[in-house]
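Trainee: My questions will all concern the structure given below.
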Amino acid sequence: MSRVVIYERFGGPDRLLLRHIAEPHPGPGEARVRVTAIGLNPMDWMISSTPALAAAFGVAVPSGFAHDFAGVIDEVTDTSLGYAVGDRVFGSVSSRAAADHLIVDRSDTVYRTPDGIPDDVASTLTVAGLTASAALSAIGVSSSDTILIGGAAGGVGVFAVQLAKLGGATVIGTAASTTARFLRELGAEPIGYGPDLANRIAAMAGAHVTAATDLFGTETVHAALRLGVPSSRISAIAAGTALPTGVSATGAQDADPHAMDTITDAVLAGQLHVPIAEEFPLARIQDAVIAQAARHTHGKIVVTI
Ligand SMILES: NC(=O)c1ccc[n+]([C@@H]2O[C@H](COP(=O)([O-])OP(=O)(O)OC[C@H]3O[C@@H](n4cnc5c(N)ncnc54)[C@H](OP(=O)(O)O)[C@@H]3O)[C@@H](O)[C@H]2O)c1
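Read in order, the letters of the sequence shown are residues 1 to 305 in our numbering.
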């Protein structure tokens, strides 16, 4: 038997059910992953709770749950995918990662897990890492920049802050006042999100913001424009509304083809640390989603098997 998380009706975390099913087996052109870790993202529970968003992602009920995974190839029927039993892999699939066994094919995003990166960390890299990379690439961050990052302590933020620092930039990140220490340890100068953001940044000693990326709505977009940052140097990943002309809407799909190599190299070199805020067993998937959906995660939440 094999466990799989499904939901039959759209709604909150209580709709997520752990089902026992017959073990799936790969067909031609497929391989099976024994999943060991699932990195949660807001899109997981946004899709399972929002029919219109689910439709946009081609998801209909009943559906599996979650996207990012890590694990080990444990069954292959042919070698056309290039995997062998025992290969460690991680990546992202469409709304079905939360399961003991996962069937993958060429259409899925699957990377080999480098030795030295544990599975819980590997399971966090794909959506958040690629999205952070794309958000920075869209605005061309360099060592002469001071970048303002909105929502800097979240799943995408922890990658964006560290990748921007690796590029030599000075980073100012928005977060709650209670998150200031976490952001400083990550390498960013913290500033509270909320009213009067632009004026408060303007009052920071030596802060001359030259680029910005908004990982949580549009507050940072508008603050950056008020600070005189050109729209071509502002990106956003979660605007949920029309952006001012010239501001780039970006996402994981826009990442450079080599972005994951940059991310894994940085992790291996000890230059990029993924804070894992909390780990939950698969049987506690509802609790994991409740924690993630509170929107105050510092880093990533991982479900382990
Ligand atoms: N376009 C894409 O491809 C793509 C990919 C990934 C994610 N996204 C979207 O991007 C957003 C961020 O994703 P994520 O994984 O980073 O989310 P997340 O981990 O849930 O973000 C949590 C963080 O948001 C911060 N936060 C809470 N309220 C805030 C506010 N009003 N202003 C600024 N920050 C606030 C929290 O900081 P405090 O704890 O300090 O309050 C916390 O650290 C989500 O909406 C997600 O759906 C888009």
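By construction, the Cβ of each residue, glycine as well, lies at the ideal position given by its N, Cα and C atoms.
Is the beta carbon of residue 117 less than 8 Å from the beta carbon of residue 303?
Mentor: Not in contact: residue 117 and residue 303 (Cβ atoms no closer than 8 Å).
Trainee: Within the present structure, is the beta-carbon of residue 179 separated from the nearest heavy atom of ligand 1 by less than 7 Å?
Mentor: Because some heavy atom of ligand 1 lies under 7 Å away, the Cβ of residue 179 counts as near it: yes.
Trainee: Give the secondary structure of residue 68 by DSSP, where H, G and I count as helix, E and B as strand, and everything else as coil.
Mentor: In the structure shown, residue 68 sits in a strand (DSSP, three-state: E or B).
Trainee: Out of curiosity, what's the CA-to-CA distance linking residue 179 and residue 154?
Mentor: The straight-line gap from Cα to Cα measures roughly 10 Å.
Trainee: Could you tell me the distance, in whole angstroms, from the CA atom of residue 72 to the CA atom of residue 88?
Mentor: Residue 72 and residue 88: Cα-Cα distance of roughly 4 Å.
Trainee: My output table needs one value for residue 126: the three-state DSSP class, helix, strand or coil.
Mentor: DSSP places residue 126 in helix when its eight states are reduced to three.
Trainee: Cα separation between residue 32 and residue 300?
Mentor: Their Cα atoms are separated by approximately 25 Å.
Trainee: Pull up the distance between the alpha-carbon of residue 134 and that of residue 282, whole angstroms please.
Mentor: When rounded, the distance between both Cα atoms is 30 Å.
Trainee: In the DSSP assignment, the alpha helix (DSSP H) including residue 219 goes from what residue to what residue?
Mentor: Counting along the chain, the alpha helix (DSSP H) containing residue 219 begins and ends at 219-226.
Trainee: Would a C-beta distance cut-off of 8 Å place residue 132 and residue 160 closer than the cut-off?
Mentor: Taking 8 Å as the Cβ cut-off, residue 132 and residue 160 qualify as a contacting pair.
Trainee: Going by DSSP, what residues sit across from residue 110 in a beta bridge?
Mentor: Answer is 91.
Trainee: If you scan the stretch 170-215 from start to end, which runs of the alpha helix (DSSP H) of 4 or more residues do you find wholly inside it?
Mentor: DSSP runs (the alpha helix (DSSP H)) wholly in the stretch 170-215: 180-186, 197-202.
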